Amino acid sequence: MRTMLARAGDHGQAALSQAVEDGQLLVRLAAGDSAAFRLVVQRYLPLLLTVARRTLRDETEAEDVAQEALLRLWRNAGDLELGPGGFKPWLRRVVGNLCIDRVRARRHMAVVDEVPEVPEAATQETSLVEQDLSVRVADALATLPERQRLAVTLFHFEGQGQGEVAQRLGISEEAVESLLARARRSLKAELKDEWRELLPDVRDAP
Amino acid sequence: MTLEEFGDLLDAYGGEAARWPDERRAAAERLLASSSEAAGLLAEARALDRVLATYQPPDRERLSTLADRIVAAAGSTHTVDSSAAENVVQFPRRQEALPAGSAAPRAEAPRRMSARRGQSGWQAAAALVASLAFGISVGLADLTPSPLAALAELASPGTTDAEYALSGLQIDGMDEEAI
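Chains as they are written, first to last, in my numbering: chain A, 119 to 324; chain B, 88 to 266.
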């Protein structure tokens, strides 16, 4: 049985690999390579949408913000220096700033009547916790290689069967199982703080 | 089924028994009935399932449409296979390349660009006005005063970006704002 340490090591390797891949993509973006830009969009758009949606709670506005962040990456690729986290920290920061701008703009248009007289504290708290988790999940998914991410999306989030996923990806069912297992192990390592919170009896374990 | 095989099963398919392959489900359930360690692994898998379930991925079709829109907005309507270097098609760059090591502070960029824009506008307008004046003087063109007035206005220092945009003149780096 793999130990948690070994899995964390796998994840660290994956993160390093991601940073290297982003560095290579950045060089291509700076050279105006549209195919490289599409790869970046495909990898990070779901995460950016989730982050923006969490703050703005408006699908259209979230899409606008995600688009603007990615276009800023495109326009500024020649000037960027990536850290060990690759594109992700930069994109998240831009999305965060754009969301703050939009929320500030909304305040100027806020109507007092729209504020509910009885705040739904418990529901709101639950919702915020779930939204935080959803951002963490989107974050973790963005670190997966493309085929792993697609496999886990089809199987776990869209509920497709193993055979359907195999057909969609043009691979064998055994290969689907391998992709799913690698994806889920990465997610388990990346999200260990979150899922362990749901296990009261092991929460205090070292 | 061994504990390790059960762990692999959970890693791939999660903690919902209905999603396990039929041919392995019975063996997994037998192991579960006799192994507390297996039960512990199942609890972990189900906890991860609950965390994953908080995420609602964007609609795939809508996501694809948005991705296309973003790539198109970046300046091209098609992509290329960049693995073939000779076939790489570059987007038109909105940012004017600066010499190596001469990256100017972003805050200064709009002023530089405005100055360049104004200068090129004056030069273009002056050349056109001269051409038109010459044409009138030799009687080869029947120009009304309105185009001349429009050109003079276009070349004036007070011309706005919007007017330049409407005029069709290229405005480099208009969106190169600081992030």
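We put the beta carbon where it would ideally sit given N, CA and C, even for glycine. Computed from a predicted structure; not experimentally measured.
- Message: Does arginine 146 of chain B come out as helix, strand or coil in the three-state DSSP assignment?
- Response: Looking at the sequence itself, residue 146 of chain B is aspartate, so the reference to arginine does not match. It is coil, neither helix nor strand.
- Message: With three or more beta-carbon pairs closer than 8 Å as the criterion, would you say the region 124-133 of chain B touches the region 97-115 of chain B?
- Response: yes
- Proximal residues to leucine 97 of chain B (C-beta, below 7 Å), its chain only, five neighbours per side dropped: Leu128, Leu129 and Ala132
- Message: Measuring only the C-alpha atoms, how far is alanine 293 of chain A from arginine 222 of chain A?
- Response: Between alanine 293 of chain A and arginine 222 of chain A, the C-alpha separation is close to 48 Å.
- Message: Just to make sure I have the definition right: I need the residues of chain A whose C-beta is within less than 7 Å of the C-beta of aspartate 98 of chain B. Which are they?
- Response: Ala299, Arg302 and Arg303
- Message: According to DSSP, is glycine 201 of chain A part of a helix, a strand, or is it coil?
- Response: Three-state result, glycine 201 of chain A: strand.
- Message: Under 8 Å, CB to CB, which of the residues in the region 116-130 of chain B have a partner in chain C?
- Response: Of the protein chains in the structure, A and B, none is chain C.
- Message: I'd like to know whether the C-beta of aspartate 95 of chain B is nearer than 8 Å to at least one C-beta of chain A.
- Response: yes
- Exposure label - glutamate 186 of chain A; buried when at least 16 CB within 10 Å: buried
- Item | Beta-carbon neighbours of alanine 267 of chain B, restricted to chain A and to distances below 9 Å | Because chain B spans 88 through 266 in this model, residue 267 of chain B falls outside it and cannot be assessed.
- Query: Any C-beta of chain B sitting closer than 8 Å to the C-beta of leucine 166 of chain A?
  - Reply: Closer than 8 Å: no.
- Query: Could you give the distance in angstroms between the alpha-carbon of serine 135 of chain A and the alpha-carbon of alanine 153 of chain A?
  - Reply: 20 Å
- Item | Supposed close pair alanine 120 of chain B, phenylalanine 155 of chain A - CB separation, criterion 8 Å | About 53 Å; that fails the 8 Å criterion.
- Item | Within 8 Å, strictly: CB atoms of methionine 88 of chain B and leucine 118 of chain B | yes
- For arginine 156 of chain A and chain B, any beta-carbon pair shorter than 8 Å? yes
- Query: Could one say the Cβ of glycine 101 of chain B lies closer than 8 Å to chain A's Cβ atoms, at least one of them?
  - Reply: yes
- Just mark alanine 277 of chain A as buried or exposed, buried being the case when its beta carbon has 16 or more other beta carbons within 10 Å. Residue identity check: residue 277 of chain A is glycine in the sequence provided, not alanine. Counting Cβ neighbours within 10 Å, glycine 277 of chain A comes out exposed, since fewer than 16 surround it.
- Query: Do three or more CB pairs link the region 253-269 of chain A to the region 167-178 of chain A at distances below 8 Å?
  - Reply: yes
- Does DSSP put aspartate 151 of chain A in a helix, a strand or coil? strand
- Task: Report the neighbours of serine 135 of chain A on chain B: residues whose CB is nearer than 9 Å to its CB, in chain order.
- Result: Neighbours of serine 135 of chain A on chain B: none; closest Cβ ~19 Å, over 9 Å.
- Message: My output table needs one value for aspartate 176 of chain A: the three-state DSSP class, helix, strand or coil.
- Response: coil
- Item | Under the three-state DSSP convention, the category glycine 94 of chain B falls into | helix
- Message: Quick check on this structure: which residue in A:Trp192, A:Ala284, A:Ala180 and A:Leu163 has the alpha carbon closest to the alpha carbon of arginine 220 of chain A?
- Response: A:Ala180
- Apply the 10 Å Cβ neighbour rule to proline 164 of chain A and answer buried if 16 or more other Cβ atoms are within range, or exposed otherwise. Buried, by the Cβ-count rule.
- Message: Could you check whether the Cβ of glutamine 160 of chain A sits closer than 8 Å to any Cβ belonging to chain B?
- Response: yes
- Query: Under a Cβ-count criterion, where at least 16 other Cβ atoms within 10 Å of its own Cβ denotes burial, should alanine 307 of chain A be classed as buried or exposed?
  - Reply: buried
- With a cut-off of 8 Å, does the C-beta of arginine 156 of chain B fall near any C-beta of chain A? yes
- Within the 8 Å Cβ cut-off, does lysine 206 of chain A reach chain B? Not an interface residue.
- List the endpoints of the continuous alpha helix (DSSP H) containing glutamate 276 of chain A. Counted as a single uninterrupted DSSP element, the stretch harbouring glutamate 276 of chain A is not any alpha helix (DSSP H), since DSSP gives it neither H nor E.
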